[in-house]
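K.L.:
Protein chains in written order, with the numbering used here: chain H, 122 to 221; chain X, 909 to 1211.
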């Protein structure tokens, strides 16, 4: 089993997601599951990045896209946080890791 | 014609034979019953509601009746019937009118999918509506009854119907259901309230209904734009105060309290998002009705 940071992730199809933001909080409806979720600022940004990505992304790619650090090696805590968010997205059916 | 135009004899006769076609907002229900407490409840609480033509269309056909077994006489019970079927277990006969009210709520919440239906009280002033979503026991009906007696128009005590196109609230003014300590609280706050006799030992405790204001019933075709979403909570000793609630959290509250959000899928999501866009959203704690009404009056004055 690869470590979470080594996985590459894709969101569900963008057209299966309805997405609204108010003041840094997000509500997301997943048409595939029929569920609606409340996301905080970081969770919403991570989902937004995944939805607009052309290819599967690692948590390090996402940290870079978030723009907080130039190199992911400098942001281990952020990578761990994004990993936790991605695993929660997997539980909610919002994203899946690609098969190696 | 309204219910008050019927003599009590005419009312009981219609209920017993052919049914009373009662209009409540956009809904017509044909009600049949030979039970005196049902007739008395309808005469008291629906006095100002329109009675539709005896041969006209009805959205729902319901009946409250005793069973055809020993429980007709021994510890008597009653059934609520919808299109001839009994969707609920029977209740003690003295709960016949509350059972009719719960049954009418069920009819609307489970069938009127031309609306997005939120479990919320709703009142209006100056054309602007306040949605008061809340779980049972939150104090929303008590607050709703207090506001409806102090110049706010009752749109609904229980079911806020949102038009899928205009997003406006479609009024459904019906009796306000008061429970336990709220019965005496409203009795004190609104001395001239038309309250029915309390019915004890229901699944919700003691229940009494309050007749909706006649003006609210007469204006049932006037829809109102949602302007505030307020999550009420009675809390002993709390100072009445509106605390801003984020729109995303207000959205989740509305979705959680909607009966048919999932039925509407993406359309329901977009509708609720547009409603939230147009609303100021608050948590609201209160302990006295006088202060609560003052806060709401100030809220509308600031618009």
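Think of the CB as a built atom: it goes at the ideal place given N, C-alpha and C, for glycine as much as any other residue.
Please confirm if residue 1184 of chain X has its CB atom under 9 Å from at least one CB of chain H.
P.N.:
Taking Cβ atoms only, chain H reaches closer than 9 Å to residue 1184 of chain X, which makes this a yes.
K.L.:
Check whether the segment 1014–1031 of chain X and the segment 1055–1074 of chain X touch, using three or more Cβ-Cβ pairs below 8 Å as the test.
P.N.:
Verdict: yes, contact present.
K.L.:
From which residue to which residue does the alpha helix (DSSP H) around residue 1015 of chain X run?
P.N.:
Element bounds for residue 1015 of chain X: 1004–1019.
K.L.:
Take the Cβ of residue 1121 of chain X as the centre, count every other Cβ of all protein chains shown within 10 Å, and call the residue buried at 16 or more, exposed below.
P.N.:
With 16 or more other Cβ atoms within 10 Å, it is buried.
K.L.:
Give the secondary structure of residue 1087 of chain X by DSSP, where H, G and I count as helix, E and B as strand, and everything else as coil.
P.N.:
Residue 1087 of chain X falls in the strand class under three-state DSSP.
K.L.:
Find the nearest neighbour of residue 219 of chain H within the set H:179, H:205, H:199, H:186, judged by alpha-carbon distance.
P.N.:
Measuring from the Cα of residue 219 of chain H, the nearest candidate turns out to be H:179.
K.L.:
Closer than 8 Å: is that where the CB of residue 1054 of chain X sits relative to any heavy atom of the ligand NAP?
P.N.:
Because no ligand of any kind appears in the structure shown, any question about the ligand NAP cannot be addressed here.
K.L.:
Does the distance from the CB of residue 986 of chain X to the CB of residue 940 of chain X come in under 9 Å?
P.N.:
The answer is no: Cβ separation not under 9 Å.
K.L.:
Comparing the C-beta of residue 1005 of chain X with each C-beta of chain H, is any distance below 9 Å?
P.N.:
Chain H, which has no Cβ nearer than 9 Å to the Cβ of residue 1005 of chain X, makes this no.
K.L.:
Measuring CA to CA, which of X:1187, X:912, X:1204 is closest to residue 1194 of chain X?
P.N.:
Among X:1187, X:912, X:1204, the Cα nearest to that of residue 1194 of chain X is on X:1204.
K.L.:
Which of helix, strand or coil does DSSP assign to residue 945 of chain X?
P.N.:
Of the three classes helix, strand and coil, the one that applies to residue 945 of chain X here is helix, per DSSP.
K.L.:
Under the three-state reduction of DSSP, which class applies to residue 133 of chain H: helix, strand or coil?
P.N.:
Reduced to three states, the DSSP call for residue 133 of chain H is coil.
K.L.:
Using a beta-carbon distance cut-off of less than 7 Å, what residues from the segment 157–176 of chain H approach chain X?
P.N.:
Listed by position along the chain: 157, 159.
K.L.:
Distance check for residue 168 of chain H and residue 162 of chain H, CA to CA, integer angstroms please.
P.N.:
Spanning the two alpha carbons is a distance of roughly 10 Å.
K.L.:
Counting only Cβ-Cβ distances shorter than 8 Å, please list the residues of the segment 1138–1161 of chain X near chain H, keeping chain order.
P.N.:
The residues in question are 1154, 1155, 1156, 1157, 1159, 1160.
K.L.:
Thinking residue 1142 of chain X and residue 1043 of chain X are a contact (beta carbons under 8 Å), I'd like their distance in whole angstroms, please.
P.N.:
Between residue 1043 of chain X and residue 1142 of chain X the Cβ distance is about 12 Å, and since that is not below 8 Å, they are no contact.
K.L.:
Can you pull out the residues from the segment 133–157 of chain H whose beta carbon lies closer than 7 Å to at least one beta carbon of chain X?
P.N.:
Here the close residues are 139, 141, 143, 144, 146, 147, 148, 150, 152, 155, 157.
K.L.:
What residues of chain H sit near residue 1163 of chain X, judged by a beta carbon separation below 7 Å?
P.N.:
Result: 157.
K.L.:
Enumerated in chain order, which unbroken segments of the beta strand (DSSP E) with a length of 3 residues or greater are wholly contained in the segment 1140–1195 of chain X?
P.N.:
Qualifying beta strand (DSSP E) stretches, in chain order: 1149–1152, 1188–1194.
K.L.:
Would you mind telling me which residues of chain H sit closer than 7 Å to residue 1170 of chain X, beta carbon to beta carbon, in chain order?
P.N.:
Here the neighbours are 155.
K.L.:
Where do the ends of the beta strand (DSSP E) carrying residue 957 of chain X lie?
P.N.:
Looking at the DSSP string, residue 957 of chain X is not in any beta strand (DSSP E), and its letter there is neither H nor E.
K.L.:
Can you pull the chain H neighbours of residue 1181 of chain X, defined as C-beta to C-beta under 7 Å?
P.N.:
Residues of chain H passing the Cβ test: 141.
K.L.:
Assign residue 1207 of chain X to one of three DSSP states: helix, strand, or coil.
P.N.:
Helix.
K.L.:
Leaving aside the five residues before and after residue 1030 of chain X along the sequence, list all residues of the same chain whose C-beta is less than 6 Å from its C-beta, in chain order.
P.N.:
The residues are 1037, 1039, 1063, 1064, 1068, 1077.
K.L.:
Would you please state the rounded distance, in angstroms, between the beta carbons of residue 952 of chain X and residue 1119 of chain X? I believe it to be under 8 Å.
P.N.:
Right, their Cβ atoms sit about 6 Å apart.
K.L.:
Would you say residue 1178 of chain X reaches chain H, if we count a Cβ-Cβ gap shorter than 9 Å as a contact?
P.N.:
With 9 Å as the cut-off, residue 1178 of chain X counts as an interface residue toward chain H.
K.L.:
Enumerate, from N- to C-terminal direction, the unbroken alpha helix (DSSP H) stretches of 4 or more residues contained entirely within the segment 1090–1133 of chain X.
P.N.:
Runs found: 1122–1126.
K.L.:
Tell me the DSSP secondary structure of residue 940 of chain X in three-state form.
P.N.:
It is a strand residue.
K.L.:
Nearest-angstrom Cα distance between residue 1198 of chain X and residue 166 of chain H?
P.N.:
So the alpha carbons of these two residues sit roughly 44 Å apart.
K.L.:
Is the distance from the Cβ of residue 1054 of chain X to the Cβ of residue 1094 of chain X below 9 Å?
P.N.:
Going by C-beta atoms, residue 1054 of chain X is nearer than 9 Å to residue 1094 of chain X.
K.L.:
In this structure, how does DSSP classify residue 1066 of chain X when only helix, strand and coil are distinguished?
P.N.:
DSSP places residue 1066 of chain X in coil when its eight states are reduced to three.
K.L.:
Taking only beta-carbon atoms, is residue 1174 of chain X less than 9 Å away from chain H?
P.N.:
For residue 1174 of chain X, the answer is yes, since a Cβ of chain H falls inside 9 Å of its Cβ.
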